[in-house]
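Chains as they are written, first to last, in this note's numbering: chain W, 12 to 138; chain D, 1070 to 1796.
Notes to accompany the following structure.
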């Protein structure tokens, strides 16, 4: 399992030690299956950030294409975070969340469904 | 104490009633759940039927006809969509309106209602029912009102329970505030959009309650439909974030909320941009900024929670400090950036009007001039909502008593709808569903409570249970017998009154097409004034195909829909200057008007005059708005010139000089003195005054072409200059 390095290298300022501590705690306490999802999330985040930097430095001229690309990243990120919430045992047990018995298979199917909607819209919007 | 008893009793209730009835019905056909299902389906079916048929007054009284103003445009575009196909419609450039500018209809329209009607039309034709497209359009709103009732049932069920849901559907089906925009023939965006909105709210509540991505996905799809239907989606995209904030600050955050909102915001924004009229507005204008801010806040909050879940308190504290700093500097820089580049201030006039109710009347006369944009009077609350005005607080009380995620949404929705409905009378339409659902909860809970204590009085079995109760409660429930009975009777009387009022309001106030006017004669028989259609058909039959008609913008859609002629301005008020020019032509002396009319290439001028039959919404009564709107562009126009010396607005001999010289005045009262319908002479039945010099009005540059039977529509031909340029 490769460590999700972007989180670590992004901030090197005075707050670096805090991030380091947080990261250390993370490696200790989060189950491996979720760490895979987290790695994917970091990848999506990085894609989004690259697009944002590109748009800011070069220009966002076909604005619809930029929005489609960027929002597809944001969308996938958000949807995957939602999926991760539904897969995490800790979240399911937490009484504050009041989940009403969602099965994991169902959660993944729902995730695919939402991704389908998202990417239909993205395809339509790319131009 | 009391609430405890109620809850415990409610838990006992099903078991008590279920046991005897289940035994009885085991010999009969259905078990209890089956019977309930059957009853529920039957009741909802009847409710749908009622909500459909109460809206048919206008068809029965008049005929199957498209009403009012905006529906005529929708109808015309639907005919284009059905006749020429989706692709042509999408790229439709309408050269017959806003002459000489034209209008790109495909990109400046909410196409939802046209596609809905075209879809129904195609399905019906596919099945083999060869209906007319006009009838489909006329009946679209009543059909969708039935769907609204079902959505109200579903939403209330999600927020409260089944019983309240059924009451909500029943109240929603006949609430006059909603009927006002959804009678048969009222083929307007709102008729479909309210359904879309309530359905979207239902799916939203469902997705918050379950936290399932599937329901969130469906919510975004219904949001897409809502955006396609109506500009009022702004209410939705702001209400939902506010609800999220309310949940967040009241400590009811859950991961389900995160799933529901984030999916809704990101997918919803992306989908709403697929509607061309919305386009990039969804990410660039400040109306959508609140939703974005909430999105950011919710994510920060979630990150905070997540880090907290696996770190110790020391690291966590430092992390939160770092996070807050980061968030504040980010939002700060975004706000500064927005102000520097000037992107953030793009609030449209209508939205500003909501935040500051006096804004429109100060700055944008064209918004203030529309009657449905006026502030709401107290009377119209009662007229449009009737008992739900009083029952809504009861519903709110019961919602607060037992807070859930679902009824928190209803509370937020109700509160904001009440505020906005006070600003614009049009938003009564948005309040009506909220009022219906909240008062349904109120009625249902009250009745449930009353019935329970009534049953407890009758039921002997209940005695044993009551013995076990503390004595205070027993005394209370013994006292509550007559009170409960009064409650039940009172509720029945109220609901009966409500039904009577709704039917009366629908038949008397909301079923007039406003194209065909009707009045009661001396013997009580109905007299119809069909002048509008006579005028428009005259245009259609007697003018060249490319004739340009100038009229006040109210009649633009009708002229292009029924008369099929080119108009200068219409009800899509996108170009204020153009409308102001027409206003200037109407309120100037004849020679000035003639120059404007020639510049605009006008062939005919149409005015609406109600002085003969007493039709009050005519052009003389709208005249001051023409003055105000043209004054907002052309500073040489002064409203005071059109008033009497003491500041009033009349047409008798004290009328302002500019008014009697204006083209509008002359066109309305031209030859009016020759009419001897009234013994007093040229008596204007709207203004209730005698117009003194009505017979001396002469027109030099315009000539009368057509005057309808009751003088409501008058059409004048613009004289063309001869070869020497003289008229």
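Cβ coordinates follow ideal geometry from the N, Cα and C atoms, glycine included.
What you are looking at is a predicted structure, and each value in this text was computed from that prediction instead of being measured.
Item: Collapsed DSSP secondary structure at residue 1655(D) in the structure displayed; Value: helix
Item: Sequence ranges, alpha helix (DSSP H) only - wholly within the region 1357-1388 of chain D, length at least 4; Value: 1358-1379
Item: Own chain, CB closer than 8 Å to residue 123(W), minus 5 neighbours either side, in chain order; Value: none
Item: The beta strand (DSSP E) enclosing residue 1617(D), as first and last residue numbers; Value: 1617-1619
Item: Minimum Cβ-Cβ distance from residue 1266(D) to chain W less than 8 Å; Value: no
Item: Residue 85(W): contacting residues in chain D (beta-carbon distance under 7 Å); Value: 1335
Item: Contact check, residue 1286(D) vs residue 1262(D), beta carbons under 8 Å; Value: no
Item: Where residue 1731(D) falls: helix, strand or coil (DSSP); Value: strand
Item: Through-space distance from residue 1645(D) to residue 1788(D), alpha-carbon basis; Value: 27 Å
Item: Within-8 Å CB hit, residue 1391(D) to chain W; Value: yes
Item: Touch test, the region 1320-1329 of chain D against the region 1206-1223 of chain D, Cβ-Cβ under 8 Å, three pairs minimum; Value: no
Item: Proximal residues of chain D, C-beta to C-beta of residue 136(W) below 8 Å; Value: 1339, 1342, 1343
Item: Bridge-paired residues (DSSP) for residue 1773(D); Value: 1785(D)
Item: Nearest-angstrom Cα separation, counted from residue 1351(D) out to residue 133(W); Value: 15 Å
Item: For residue 17(W), the three-state DSSP class (helix, strand or coil); Value: Interpretation of residue 17(W) is limited by its pLDDT of 42, a score under 50 that renders its predicted location unreliable; no figure is taken from the coordinates.
Item: Cβ of residue 1223(D) within 8 Å of any chain W Cβ; Value: no
Item: The region 1496-1511 of chain D touching the region 1457-1468 of chain D, judged by at least three CB pairs closer than 8 Å; Value: yes
Item: Residue 1600(D) beta carbon less than 8 Å from that of residue 1781(D); Value: yes
Item: Residue range of the unbroken beta strand (DSSP E) whose run includes residue 1588(D); Value: 1586-1589
Item: Candidates 1469(D), 1399(D), 1454(D), 1496(D): closest to residue 1444(D) by CA position; Value: 1496(D)
Item: Inter-residue spacing [alpha-carbon to alpha-carbon] between residue 1535(D) and residue 1519(D); Value: For residue 1535(D), the pLDDT reaches just 47, beneath the cut-off of 50, and the residue's location in the model is therefore unreliable, although a value from the coordinates is still provided. Taking the straight line joining both Cα atoms gives about 17 Å.
Item: Residue 1379(D) versus residue 38(W) - alpha carbon distance; Value: 9 Å
Item: For residue 1647(D) and residue 17(W), the rounded distance between their alpha carbons; Value: The pLDDT assigned to residue 17(W) is 42, lower than 50, so where the model puts this residue is not dependable; a value taken from the coordinates is nonetheless given after this. Taking the straight line joining both Cα atoms gives about 56 Å.
Item: Spatial distance of residue 1641(D) from residue 1665(D) (CA atoms); Value: 21 Å
Item: Contact between the region 1131-1147 of chain D and the region 1194-1206 of chain D (3+ Cβ pairs under 8 Å); Value: yes
Item: Cross-chain neighbours of residue 1384(D) in chain W, by beta carbon under 9 Å; Value: 29, 32, 33, 35, 36
Item: Check whether residue 1182(D) and residue 1298(D) have beta carbons under 8 Å apart; Value: yes
Item: One or two residues paired with residue 1190(D) in a DSSP bridge; Value: Residue 1190(D) pairs with nothing; no bridge assigned.
Item: Minimum Cβ-Cβ distance from residue 49(W) to chain D less than 8 Å; Value: no
Item: Proximal residues to residue 1631(D) (C-beta, below 6 Å), its chain only, five neighbours per side dropped; Value: 1605
Item: Own chain, CB closer than 7 Å to residue 1688(D), minus 5 neighbours either side, in chain order; Value: 1621, 1676, 1677, 1678, 1733, 1737
Item: Burial state of residue 1245(D) (16 or more Cβ within 10 Å); Value: buried
Item: Beta-carbon contacts of residue 1345(D) that lie in its chain and below 6 Å, excluding the five residues immediately before and after; Value: 1176
Item: Neighbourhood of residue 1441(D) by C-beta, 6 Å cutoff - its chain only, sequence neighbours within 5 removed; Value: 1494, 1495
Item: Min CB distance residue 67(W) to chain D below 8 Å; Value: no
Item: Cut-off 8 Å between Cβ atoms - residues of its own chain near residue 35(W), not counting five sequence neighbours on either side; Value: none
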